Amino acid sequence: MHVGLEHYLVVSALLFSLGLLGVLARRNVLVMYMSLELMLNAANLALVAFSRFNNNLNGQVMVFFIITVAAAEVSVGLALIVALYRKRQTAHVEDLTAMKL
Amino acid sequence: MPHLPDIFFYVFAALTLLCGFLVVVNPFSRSPVTSAMFLVLTIISMAGLFVLLHAFFLAAVQILVYAGAVIVLFLFVIMLLDLKEEQRRKLKTFSLAAGVISVGAIAGLTVKAILDSGPGKGLPAPTVEGATAPLGKLLFTQFLLPFEIVSVLLLVAMVGVILLSKKDLK
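Those protein sequence lines, which keep their order, are chains A and B. So in the working numbering the end of the first sequence lands on 101, straight run, no missing numbers. So in the working numbering the end of the second sequence lands on 1170, straight run, no missing numbers.
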């Protein structure tokens, strides 16, 4: 069977689900963050596939912006995690219950 | 005899999904360092998929920015924090089972929806090439304003990170 848009979209959907599973199941902040990156990458793959098969380059420009914003987001998020670790000495979400009633 | 790019698609797709799986649930090691290493492999095989989609510029950017910068940042932070404790913790079976069931249901629904709707049917043969020149032309004409805004965003992120990682956060 010839590889078409559907194949890429299925890979993207499965990768997104893996990232979602990581956010739900893992309790380490860093690994949860990596799973978020997986989900962003899955969205990028879907956008590039749509761009290619619809003969429209705008999707790839969108992916370019998403990669830039993701890089900024990672740097800020990791700085927050480091600041949190300095205060609480943990990178485990179950220990961070300050906002629990 | 199958088409050669199709074979490459299956190889890279399998690699991407396998390495993505090992980022999330690695049966051999719970260390964040192994997760980060498998994230590098996921991103590199995804760059291979980008090449198959003729998005050459994005494949290069993906490797440079993600595998080059983001993962190094992750590894720096992992080395900075002491994460030995993580490996002693047990995963909670209930939350793991609930996560697997709900995510499996979502994945099944999405894949079924994609296969049933068949979004690729009736499209003309793809001809668009994501080389640097056409993307650059688009970035500096139609998307000039977002491009400038993104550069401001990067500056804001830089200032914010420096402020956040100061010793006495006020």
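A virtual CB, placed ideally from N, CA and C, is assigned to each residue, including glycine. For clarity, every value in this text was computed on a predicted model and none was experimentally measured.
Neighbour-count burial assignment, residue i, 16 or more Cβ in a 10 Å radius
i	result
A:Q60	buried
B:Q1062	buried
A:N28	buried
A:R86	exposed
Given residue i as reference, the closest of the options once Cα atoms are compared
i	options	result
A:L30	B:S1117, B:M1037, B:F1028	B:M1037
B:G1104	A:V10, A:S17, A:G4	A:S17
B:T1042	B:C1019, B:G1136, B:F1143	B:C1019
A:S75	B:G1099, B:A1157, B:P1002, B:K1166	B:A1157
B:K1112	A:H2, A:G4, A:L9, A:V3	A:L9
B:A1060	B:L1153, B:K1167, B:T1132, B:S1165	B:T1132
B:L1096	A:F53, A:L21, A:I67	A:L21
A:A72	B:D1168, B:I1149, B:K1166	B:I1149
A:S32	A:T97, A:R86, A:G77	One point to set straight first is that residue 32 of chain A is Met, not Ser, in the sequence displayed. Per the Cα distances, A:G77.
B:G1108	A:G4, A:L14, A:A83, A:L36	A:L14
Cut-off 7 Å between Cβ atoms - residues of its own chain near residue i, not counting five sequence neighbours on either side
i	result
A:H7	none
B:L1058	F1050, G1130
Assigned secondary structure, residue i (DSSP; H/G/I helix, E/B strand, else coil)
i	result
A:N58	helix
B:N1026	coil
A:H7	helix
Beta-carbon contacts of residue i that lie in its chain and below 6 Å, excluding the five residues immediately before and after
i	result
B:V1100	none
A:I81	V29
A:S51	G59, Q60
Spatial neighbours of residue i in its chain, beta-carbon cut-off 8 Å, leaving aside the 5 residues before and after
i	result
A:I66	L40, A43, N44, L47
A:A70	E37, L40
Short-range partners of chain A found in the segment 1063 to 1075 of chain B, where Cβ spacing is below 8 Å: Cβ contacts with chain A come from V1065, Y1066, A1069, V1070, L1073, F1074.
Which residues, in chain order, does the segment 1123 to 1138 of chain B contribute to contact with chain A at a C-beta distance below 8 Å? If the cut-off is 8 Å between Cβ atoms, the segment 1123 to 1138 of chain B has L1123, P1124, P1126, T1127, V1128, G1130, P1134, L1135, L1138 near chain A.
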